[in-house]
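Structure first, commentary second.
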Amino acid sequence: MERIDLDAVIGSRAPQLHSRLPRWLIRAAERFICQDSLNRLLAEAGPRRDADFCRSVLSHLEVTYSIRNRANLPEPGPDSRVIFTCNHPLGALDGIIIIDMLSQIYGPGIKFIVNDLLTAVEPLRGVFLPINKHGSQSRDAVAAIERAMEADKPVIIFPAGLCSRSSWTGKVADLPWNKMFVVKAIQSHRDIIPLHFQGRNSRSFYLSALIRKALGIKANIEMLHLPREVFKSRRHHYTITVGERIPWSSLSGGTEASATASRLRDLTYFISDHSSHD
Numbered sequence: 000m001e002r003i004d005l006d007a008v009i010g011s012r013a014p015q016l017h018s019r020l021p022r023w024l025i026r027a028a029e030r031f032i033c034q035d036s037l038n039r040l041l042a043e044a045g046p047r048r049d050a051d052f053c054r055s056v057l058s059h060l061e062v063t064y065s066i067r068n069r070a071n072l073p074e075p076g077p078d079s080r081v082i083f084t085c086n087h088p089l090g091a092l093d094g095i096i097i098i099d100m101l102s103q104i105y106g107p108g109i110k111f112i113v114n115d116l117l118t119a120v121e122p123l124r125g126v127f128l129p130i131n132k133h134g135s136q137s138r139d140a141v142a143a144i145e146r147a148m149e150a151d152k153p154v155i156i157f158p159a160g161l162c163s164r165s166s167w168t169g170k171v172a173d174l175p176w177n178k179m180f181v182v183k184a185i186q187s188h189r190d191i192i193p194l195h196f197q198g199r200n201s202r203s204f205y206l207s208a209l210i211r212k213a214l215g216i217k218a219n220i221e222m223l224h225l226p227r228e229v230f231k232s233r234r235h236h237y238t239i240t241v242g243e244r245i246p247w248s249s250l251s252g253g254t255e256a257s258a259t260a261s262r263l264r265d266l267t268y269f270i271s272d273h274s275s276h277d
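Printed below as a string of structure tokens:
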């Protein structure tokens with residue numbers, strides 16, 4: 000089982016930066032991201048793969064969840080060839096919970112389109128479909144996404160890419176949604192099922208993001224808080240609300256794809272406020 004090694008990751012992905020960073024700063028960053036705690040968690044859950052890994056992580060953290068509007072979930076089989084979209088409030092556990100939830104319903108084979116940085120999480124490489132948010136896509140990555148879209152299993156995506164942020168007023172919501180899922184839904188004739196994940200990170204995470212933005216710093220340095228947020232979520236309970244199925248044929252693509260993505264983002268927050276308890 001591979002261990003998390005921040006020093007090695009920086010060295011491989013940003014060698015010029017790595018050569019300029021003092022060792023003490025890297026060690027401090029390793030402590031800040033709870034590298035030792037993460038590696039202990041991985042040592043327990045890491046021998047498992049995909050949904051089994053997710054289930055082990057949730058068990059280790061004693062995290063539970065429930066589903067609202069479960070009747071909106073399609074039955075396993077041809078009817079489940081859909082794209083599940085979801086808001087992204089937590090940055091890690093929300094994805095783990097969604098994988099566990101959908102794998103229990105639809106079995107192995109579901110795929111999750113994610114930032115290519117997450118391929119460092121080796122136990123989930125069988126679920127993840129990596130995309131490069133900051134450059135061109137490799138031929139292999141494009142082919143893998145196309146194969147997943149042509150297959151019969153559900154595909155999951157957090158269209159915001161990054162996890163939710165807070166305004167100065169305290170309202171927590173996703174960043175604008177990328178239109179890619181709209182384009183892929185139309186191309187692959189996959190209906191969309193929106194999910195809303197009820198949750199939020201700590202005030203320190205949102206405050207660091209607000210201060211970073213106010214200072215004009217472009218790098219998302221608040222992301223360093225996310226491993227710590229995982230352990231702050233110990234023994235928490237989360238609720239996922241399932242929205243009604245949206246036919247692919249009702250989506251507007253082309254020049255309207257971004258506007259369609261924005262409307263579906265708004266719908267995701269609407270369903271959480273107008274849902275019933277199953």
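Numbering that gives the first Met the number 0 puts the first residue of the sequence shown at 0, with every later residue one more than the last. Glycine is no exception: its CB is placed at the ideal position from the N, C-alpha and C atoms.
Are the segment 98-115 and the segment 209-219 touching, with three or more C-beta to C-beta distances below 8 angstroms?
no
For the structure I just gave you, are there three or more beta carbon pairs, one from the segment 226-238 and one from the segment 26-37, closer than 8 angstroms?
Between the segment 226-238 and the segment 26-37, the count of C-beta pairs closer than 8 angstroms reaches three or more; the two stretches touch.
Tell me the DSSP secondary structure of residue 195 in three-state form.
Counting from one through the sequence shown, the residue named residue 195 turns up at place 196. It is a strand residue.
Report the three-state DSSP secondary structure of residue 14 (helix, strand or coil).
For the purposes of this step, residue 14 is taken as the residue at position 15 of the sequence shown. Looking at residue 14 - three-state DSSP - the assignment turns out to be helix.
Measuring straight from C-alpha to C-alpha, what distance separates residue 209 and residue 79?
Within the sequence shown, numbered from 1, the residue matching residue 209 stands at position 210. Within the sequence shown, numbered from 1, the residue matching residue 79 stands at position 80. Taking the straight line from one Cα to the other gives about 39 angstroms.
Does the segment 159-179 touch the segment 53-64, meaning 3 or more C-beta pairs lie closer than 8 angstroms?
no
Extract the residue ranges of the beta strand (DSSP E) inside the segment 124-203, only unbroken runs of 3 or more that lie entirely within it.
You should have 127-130, 154-156, 190-197.
Is it true that the segment 137-149 meets the segment 236-247, where meeting means three or more beta-carbon pairs spaced less than 8 angstroms apart?
Of all C-beta pairs linking the segment 137-149 to the segment 236-247, fewer than three are shorter than 8 angstroms, placing the two stretches out of contact.
Following the continuous alpha helix (DSSP H) through residue 229, name the residue where it begins and the one where it ends.
Here residue 229 refers to the residue found at position 230 when the sequence shown is read from its first residue. Counting along the chain, the alpha helix (DSSP H) containing residue 229 begins and ends at 225-231.
Helix, strand or coil for residue 120, going by three-state DSSP, please let me know.
Counted from its first residue, the sequence shown places residue 120 at position 121. Residue 120 falls in the coil class under three-state DSSP.
Excluding sequence positions up to five away, which residues of its chain have a Cβ less than 7 angstroms from the Cβ of residue 302?
Beyond the ends of the chain as shown, which are 0 and 277, falls residue 302; an answer cannot be given.
Comparing alpha-carbon positions, which option in 184, 172, 178 lies nearest residue 198?
If you number the sequence shown from 1, residue 198 lands on position 199. It is 172.
Please state if the CB of residue 176 and the CB of residue 256 are separated by a distance shorter than 7 angstroms.
Counting from one through the sequence shown, the residue named residue 256 turns up at place 257. Counting from one through the sequence shown, the residue named residue 176 turns up at place 177. No. Outside cutoff.
Looking at C-alpha atoms only, which residue of 194, 10, 205, 190 is the closest neighbour of residue 67?
One-based indexing of the sequence shown puts residue 67 at position 68. Nearest to residue 67 by alpha-carbon distance, out of 194, 10, 205, 190, is 194.
Helix or strand or just coil, what does DSSP make of residue 38?
Counted from its first residue, the sequence shown places residue 38 at position 39. The answer is helix: DSSP assigns residue 38 an H, G or I state.
Compute the distance between the beta-carbons of residue 192 and residue 244, then report whether it is under 7 angstroms.
The residue labelled residue 192 in the question sits at position 193 within the sequence shown. The residue labelled residue 244 in the question sits at position 245 within the sequence shown. Their beta carbons are under 7 angstroms apart, which means residue 192 touches residue 244 by this criterion.
Within 10 angstroms of its Cβ, does residue 131 collect 16 or more other Cβ (buried), or is it exposed?
Position 132 of the sequence shown, counted from the first residue, corresponds to residue 131. With fewer than 16 other Cβ atoms within 10 Å, it is exposed.
The alpha helix (DSSP H) spanning residue 104 covers which residue range?
For the purposes of this step, residue 104 is taken as residue 105 along the sequence shown, with counting starting at 1. 92-105 is the extent of the alpha helix (DSSP H) around residue 104.
How far does the alpha helix (DSSP H) with residue 56 in it reach, from first residue to last?
If you number the sequence shown from 1, residue 56 lands on position 57. Going by DSSP, residue 56 is part of the alpha helix (DSSP H) stretching over 49-60.
Keeping to the same chain, check which residues put their C-beta closer than 7 angstroms to that of residue 201; ignore five residues upstream and five downstream.
By one-based count along the sequence shown, residue 201 stands at place 202. Correct list, in chain order: 228, 231.
Comparing alpha-carbon positions, which option in 88, 91, 150, 241 lies nearest residue 69?
Taking the first residue of the sequence shown as 1, we reach residue 69 at position 70. Of the listed residues, the one whose Cα sits closest to residue 69 is 241.
Roughly how many angstroms lie between the CA atoms of residue 16 and residue 28, to the nearest whole one?
For the purposes of this step, residue 16 is taken as residue 17 along the sequence shown, with counting starting at 1. For the purposes of this step, residue 28 is taken as residue 29 along the sequence shown, with counting starting at 1. Cα-Cα distance, rounded: 14 angstroms.
Determine the DSSP secondary structure at residue 79, reduced to helix, strand or coil.
Here residue 79 is taken as the residue at index 80 of the sequence shown, counted from 1. The answer is helix: DSSP assigns residue 79 an H, G or I state.
By Cβ distance, which residues of its chain are closer than 8 angstroms to residue 148, with the 5 residues on each side in sequence left out?
Numbered from 1 along the sequence shown, position 149 holds the residue referred to as residue 148. These residues qualify, in order along the chain: 154, 183, 186, 187, 189.
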